[in-house]
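Numbering (the working numbering), first residue to last: 327 to 404.
Shown next, in structure tokens, is the structure this report addresses.
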Amino acid sequence: MSDPSRALQNLNGAARLVAEAAANLRTIADKATLRRLRLIQVELKLIEEQQQAKLSRATVADNPPSSAAGKATDNASE
């Protein structure tokens with residue numbers, strides 16, 4: 327490496343490789359973060375659905391629906 331311009335070219339090439347590797351690592355980290363966020367989003371959706379189901383069951387338990395068949399029979403007999 328007696329030629330300074332050759333050494334400089336090698337350093338520039340190495341710097342480009344390091345910059346590219348850093349960019350790739352950021353991309354990989356971003357993909358991992360996106361995967362985690364998607365998993366969290368799915369978990370939150372499941373929790374929301376469970377809460378909706380609990381709310382629906384509680385509403386039905388508090389206000390039992392009148393029997394549609396019973397109403398139809400009552401109306402027919404009148």
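For every residue, glycine included, the Cβ atom is placed at its ideal position computed from N, Cα and C.
Where residue i falls: helix, strand or coil (DSSP)
i           : result
residue 389 : coil
residue 329 : coil
Same chain, Cβ closer than 8 angstroms to residue i, five either side skipped, listed in chain order
i           : result
residue 351 : none
Spatial neighbours of residue i in its chain, beta-carbon cut-off 7 angstroms, leaving aside the 5 residues before and after
i           : result
residue 385 : none
Contact set for residue i: own chain, Cβ-Cβ below 6 angstroms, skip 5 residues either direction
i           : result
residue 371 : none
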